[in-house]
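Undergrad: Can you keep this structure in mind? I'll have questions shortly.
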Ligand SMILES: [Zn+2]
Ligand SMILES: [Zn+2]
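Residue numbers (the numbering used here): 7 to 142.
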């Protein structure tokens with residue numbers, strides 16, 4: 007079990023997760039870049055029912071190339087994006103790693119959508135990288 011805690015910029019939204027980290031990685035897709043305002047998103051996925059959130063959250067749904075609907079969860083006051091969920095995987099949710107207090111637990115295992123990365127982003131060749139989203 008990995009205890010994770012975090013909050014948005016203004017602190018109105020706080021969360022804890024005390025389950026296992028399912029996987030974690032960096033996503034360089036355009037959606038992640040635009041929604042978070044950063045060059046890429048580092049996402050730490052946990053089982054949805056291990057995530058406890060306090061404070062008001064707003065959500066934004068968008069359809070991605072695979073046809074799945076993704077939902078971004080953000081603080082309506084400060085705009086920090088905290089979570090991303092995929093309709094196709096209802097049991098898990100991704101935490102935006104920049105909001106996590108326990109930095110030592112953030113260890114990306116892969117890069118996805120490297121084909122969409124910003125030119126300035128350096129890719130760690132010590133972990134697997136995928137041009138898009140690996141299937142299967
Ligand atoms: Zn906030
Ligand atoms: Zn992405």
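Yeah, the Cβ is synthetic: ideal placement off N, Cα and C, and Gly gets one too.
Quick caveat: nothing in here was measured; it's all calculated off a predicted structure.
Looking at the strands, I want to know which residues DSSP matches up with residue 128.
TA: Start at 1 with the first residue of the chain shown, and residue 128 comes out as number 122. In the DSSP output, where bridge partners are listed per residue, residue 128 has none listed.
Undergrad: Are residue 94 and residue 72 close, meaning C-beta to C-beta below 9 Å?
TA: Locating residue 94 in the chain shown gives position 88, where the first residue counts as 1. Locating residue 72 in the chain shown gives position 66, where the first residue counts as 1. Going by C-beta atoms, residue 94 is nearer than 9 Å to residue 72.
Undergrad: If I measure Cβ to Cβ from residue 46 and keep anything under 7 Å in the same chain, skipping five residues before and after, which residues do I get?
TA: For this step, residue 46 is matched to residue 40 along the chain shown. For residue 46, where only same-chain residues beyond five positions count, the Cβ hits under 7 Å are 32, 33, 34, 38, 39, 123, 127.
Undergrad: Can you tell which of 114, 7, 108, 18 has its C-alpha closest to the C-alpha of residue 84?
TA: For the purposes of this step, residue 84 is identified with residue 78 of the chain shown, where counting begins at 1. Comparing Cα-Cα distances from residue 84 to each of 114, 7, 108, 18, the minimum goes to 18.
Undergrad: Distance check for residue 16 and residue 62, CA to CA, integer angstroms please.
TA: Taking the chain shown and counting its residues from 1, the one referred to as residue 62 is at position 56. Taking the chain shown and counting its residues from 1, the one referred to as residue 16 is at position 10. Straight-line Cα distance between these residues: approximately 12 Å.
Undergrad: For residue 112, which residues in the same chain have their Cβ closer than 8 Å to its Cβ, ignoring the five residues on either side in sequence?
TA: To locate residue 112, count along the chain shown from 1; it is residue 106. Here the set comprises 30, 48, 50, 103, 106.
Undergrad: Classify residue 131: buried if its beta carbon has 16 or more other beta carbons within 10 angstroms, exposed otherwise.
TA: Within the chain shown, the letter at position 125 stands for residue 131. Label assigned to residue 131: exposed.
Undergrad: Along the alpha helix (DSSP H) that carries residue 40, what are the first and last residues, could you check?
TA: In the chain shown, counting from the first residue as 1, residue 40 sits at position 34. Residue 40 -> alpha helix (DSSP H) spans 36-42.
Undergrad: Return yes when the C-beta of residue 119 is under 8 Å from any heavy atom of ligand 2, and no when it is not.
TA: Within the chain shown, numbered from 1, the residue matching residue 119 stands at position 113. Yes, the beta carbon of residue 119 sits closer than 8 Å to at least one heavy atom of ligand 2.
Undergrad: Look at the alpha carbon of residue 56 and the alpha carbon of residue 25, and state the distance between them as a whole number of angstroms.
TA: By 1-based counting over the chain shown, the position of residue 56 is 50. By 1-based counting over the chain shown, the position of residue 25 is 19. For residue 56 and residue 25, the distance between alpha carbons rounds to 5 Å.
Undergrad: Three-state secondary structure (DSSP) at residue 8?
TA: In the chain shown, counting from the first residue as 1, residue 8 sits at position 2. In this structure, residue 8 counts as coil in the three-state DSSP scheme.
Undergrad: What runs of the alpha helix (DSSP H), each 4 residues or longer, lie entirely inside the segment 21-89?
TA: Taking only runs of at least 4 residues, the alpha helix (DSSP H) segments lying wholly in the segment 21-89 are 36-42.
Undergrad: Residue 98 bridges to which residues according to DSSP?
TA: Taking the first residue of the chain shown as position 1, residue 98 is located at position 92. BP columns for residue 98 point to 53.
Undergrad: Hey, residue 10 and residue 108 are a contact pair by Cβ (cut 8 Å); roughly how many whole angstroms apart?
TA: As a first step, residue 10 must be located in the chain shown, where it is residue number 4. As a first step, residue 108 must be located in the chain shown, where it is residue number 102. 6 Å between Cβ atoms; contact.
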